[in-house]
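Okay, so here's the structure we're looking at.
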Amino acid sequence: MQEKNLQLERLVFFCDAVVAIAITLLALNIKIENPVGGHLHFSDITKQWKTFAAFSLSFVNIANFWKTHHSFFYYIKKVDEKLLWYNICWLFFIVLLPFSTSLVSSYFFDHTAIAVYSLNTLLIALFQNNIWDYASEKADFIKTESIDTNTAWMFRLFCNLELINALLAIGISFLNPTVAFILLFTKLPIMLIARVFYGGKIRESFGDRRKKTGVDEP
6 MQEKNLQLER LVFFCDAVVA IAITLLALNI KIENPVGGHL HFSDITKQWK TFAAFSLSFV
66 NIANFWKTHH SFFYYIKKVD EKLLWYNICW LFFIVLLPFS TSLVSSYFFD HTAIAVYSLN
126 TLLIALFQNN IWDYASEKAD FIKTESIDTN TAWMFRLFCN LELINALLAI GISFLNPTVA
186 FILLFTKLPI MLIARVFYGG KIRESFGDRR KKTGVDEP
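For the sequence shown, the working numbering assigns the number 6 to the initial residue and increments by one for each residue that follows.
So, in structure tokens, the structure goes:
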């Protein structure tokens, strides 16, 4: 049991480190061109708004994916080789996101750039979904004494909504890249779907956890 726990801890620490590196790599894409005359002006900074917009999108996306991954492993107590490979694939596409971000910052209004970024996001969401689906279907992988059915249901719901959002962004990117970018940033459709169709159940689930634990979910 101790060896399995060590394996789990090493996986979590490794994932956290790789995510931190990926976020750091995002900042390396932010560069100011040499100003005319050697003096920096505010206009030289504002000209890079596309770079800052792409950076903000990816920072928020990586942070949200990491938060969800972190929440998963609050309840996952065991890993095997298949779960390790799901995590490795998840990390691969997390690390690829800085490259996709550089495409968006350089070709902000191009269909291809936003489509590639949306596909990158879709693949992260897909493997994140696989991580939770695989672990939650194995009773000995989950801390059953800590998780309730509503929490497990919410994880699956929001993973699926992330997939839907990315798929919508891929389709819309070929029609209007700017709208696809806004979709990726705000996630408005999945928020509306969750609120309209599942709002009551979500509020009930949060209320049950607060009564049970006295705190919000990590």
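We treat Cβ as the ideally placed atom computed from N, Cα and C, and that holds for glycine.
The structure presented is a predicted model; accordingly, all values stated were derived computationally and were not measured.
Quick check: does the Cβ of Leu-16 come within less than 7 Å of any heavy atom belonging to the ligand NAD? Of ligands this structure carries none, so the ligand NAD is not represented either.
Q: Just list the alpha helix (DSSP H) runs in the segment 112-192, keeping only unbroken ones of 4 residues or longer that don't cross its boundaries, in chain order.
A: 116-141, 154-178 and 182-191
From the DSSP output, read off the bridge partner residues of Ile-81. The partner list for Ile-81 (beta bridge, DSSP) reads Ile-147.
If you count every other CB in all the chains shown that lies within 10 Å of the CB of Ala-310, and 16 or more means buried, which is it? Residue numbering for the chain in the displayed model covers 6 to 223; residue 310 lies beyond these limits and cannot be assessed.
### Query
Where Leu-168 and Leu-31 are concerned, what is the direct C-alpha to C-alpha distance, given to the nearest angstrom?
Cα to Cα, the separation comes out at about 23 Å.
Reduced DSSP secondary structure (H/G/I, E/B, other) of Phe-211:
Reliability of the predicted coordinates at Phe-211 is poor, the pLDDT of 48 falling under 50, and the value obtained from them is presented with this limitation in mind. Three-state DSSP puts Phe-211 in a helix.
Where Leu-108 and Lys-82 are concerned, what is the direct C-alpha to C-alpha distance, given to the nearest angstrom? 38 Å
(message) Can you find the residues in the same chain that come closer than 7 Å, C-beta to C-beta, to Val-24, ignoring five residues on each side of it along the sequence?
(response) Answer for Val-24: Ile-67, Trp-71 and Ile-99, listed in chain order.
Nearest-angstrom Cα distance between Phe-163 and Leu-189? Each residue's CA atom was taken as its position, placing Phe-163 and Leu-189 some 15 Å apart.
On a CA-only basis, which of Val-184, Tyr-139 and Ile-152 is nearest Trp-90? Give me that one, please. Tyr-139
Applying the 10 Å Cβ sphere with the 16-neighbour rule, what's the burial state of Ala-59?
buried
### Between the CA atoms of Leu-96 and Phe-19 - distance to the nearest angstrom
10 Å
Assuming Thr-126 and Ala-171 form a contact by the criterion Cβ under 8 Å, report the distance between their Cβ atoms to the nearest whole angstrom.
5 Å
| request: Tell me whether Ala-22 is buried or exposed, calling it buried when 16 or more other Cβ atoms sit within 10 Å of its Cβ. | output: exposed
Quick one: what's got a C-beta closer than 7 Å to Ile-175's C-beta in the same chain, skipping five residues either side?
-> Ala-120, Ser-123, Leu-124 and Leu-127
Minimum C-alpha distance to Phe-146 - residue among Lys-55, Thr-56, Glu-38 and Phe-78:
Shortest Cα-Cα distance from Phe-146 to any of Lys-55, Thr-56, Glu-38 and Phe-78 involves Phe-78.
ask   = Going straight from the alpha carbon of Ser-141 to that of Tyr-112, what length do you get?
value = Whole-angstrom Cα-Cα distance: 40 Å.
Requested in this report: Look up Gln-53 in the DSSP assignment and say whether it is helix, strand or coil.
Outcome: Reduced to three states, the DSSP call for Gln-53 is coil.
Exercise. Select from Gln-12, Lys-36 and Thr-73 the residue whose C-alpha is nearest the C-alpha of Trp-54.
Key: Relative to Trp-54, the option among Gln-12, Lys-36 and Thr-73 whose CA is nearest is Lys-36.
- Applying the criterion that 16 or more other CB atoms from any shown protein chain within 10 Å of the CB defines a buried residue, is Phe-132 buried or exposed? buried
Report task. Would you please state the rounded distance, in angstroms, between the beta carbons of Phe-64 and Ile-28? I believe it to be under 8 Å. Result -> The pair is a contact, with the Cβ atoms about 6 Å apart (cut-off 8 Å).
* To do: Report yes if the C-beta distance between Thr-191 and Ser-110 is below 8 Å; otherwise report no.
  => no
**Report entry** Backbone CA spacing between Thr-154 and Trp-137 [nearest angstrom]
**Finding:** C-alpha separation (whole angstroms): 14 Å.
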